[in-house]
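Visitor: Handing you a structure now.
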Amino acid sequence: NLLGLTDKERSQILSINMANHPGRKYKEVFFSLGGTQSAVYATEVSLEEYYTFTTEESEKMELFALAEKLGGNLELAIKRLAESKRNPQSSTT
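Following the UniProt record's numbering, the numbering of the sequence shown begins with 1 at its first residue and continues without gaps.
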């Protein structure tokens, strides 16, 4: 085994983000302590943090389009996008 993972650890890694709750913005991460103990944990951050670091292409496109409308202000675009997701009735511009 190239990475020295146990069968249990491989199974845990392959389960990451496979059954996430659709209404929550979180990602799962795997921790292993020398092969003796391992677990998968959910990490949930604020919407602002989520949109700062998202790698989802559609979300990045939405964010960059909004930033362009706001004169290139990415920080303001992140704040506005997060607020619009918390309160869908509000406008992002």
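A virtual CB, placed ideally from N, CA and C, is assigned to each residue, including glycine.
Let me know if residue 86 comes out buried or exposed under the rule of 16 or more other beta-carbons within 10 Å of its beta-carbon.
Guide: One-based indexing of the sequence shown puts residue 86 at position 86. The residue in question, residue 86, is exposed, as its Cβ has fewer than 16 Cβ neighbours within 10 Å.
Visitor: When you compare only the Cα positions, how much space is there between residue 60 and residue 50?
Guide: Working through the sequence shown from its first residue, we reach residue 60 at position 60. Working through the sequence shown from its first residue, we reach residue 50 at position 50. Taking the straight line from one Cα to the other gives about 11 Å.
Visitor: Have a look at 18, 37 and 36 and flag the residue whose alpha-carbon is nearest the alpha-carbon of residue 28.
Guide: In the sequence shown, residue 28 corresponds to position 28, counting from 1. The shortest Cα separation from residue 28 among 18, 37 and 36 belongs to 18.
Visitor: Answer yes or no: do residue 56 and residue 82 have a C-beta to C-beta separation smaller than 8 Å?
Guide: The residue you call residue 56 lines up with position 56 of the sequence shown. The residue you call residue 82 lines up with position 82 of the sequence shown. For residue 56 and residue 82, no; Cβs fall outside 8 Å.
Visitor: If you measure from the CB of residue 27, is any heavy atom of the ligand SAH nearer than 7 Å?
Guide: The ligand SAH is not part of this structure, which contains no ligands at all.
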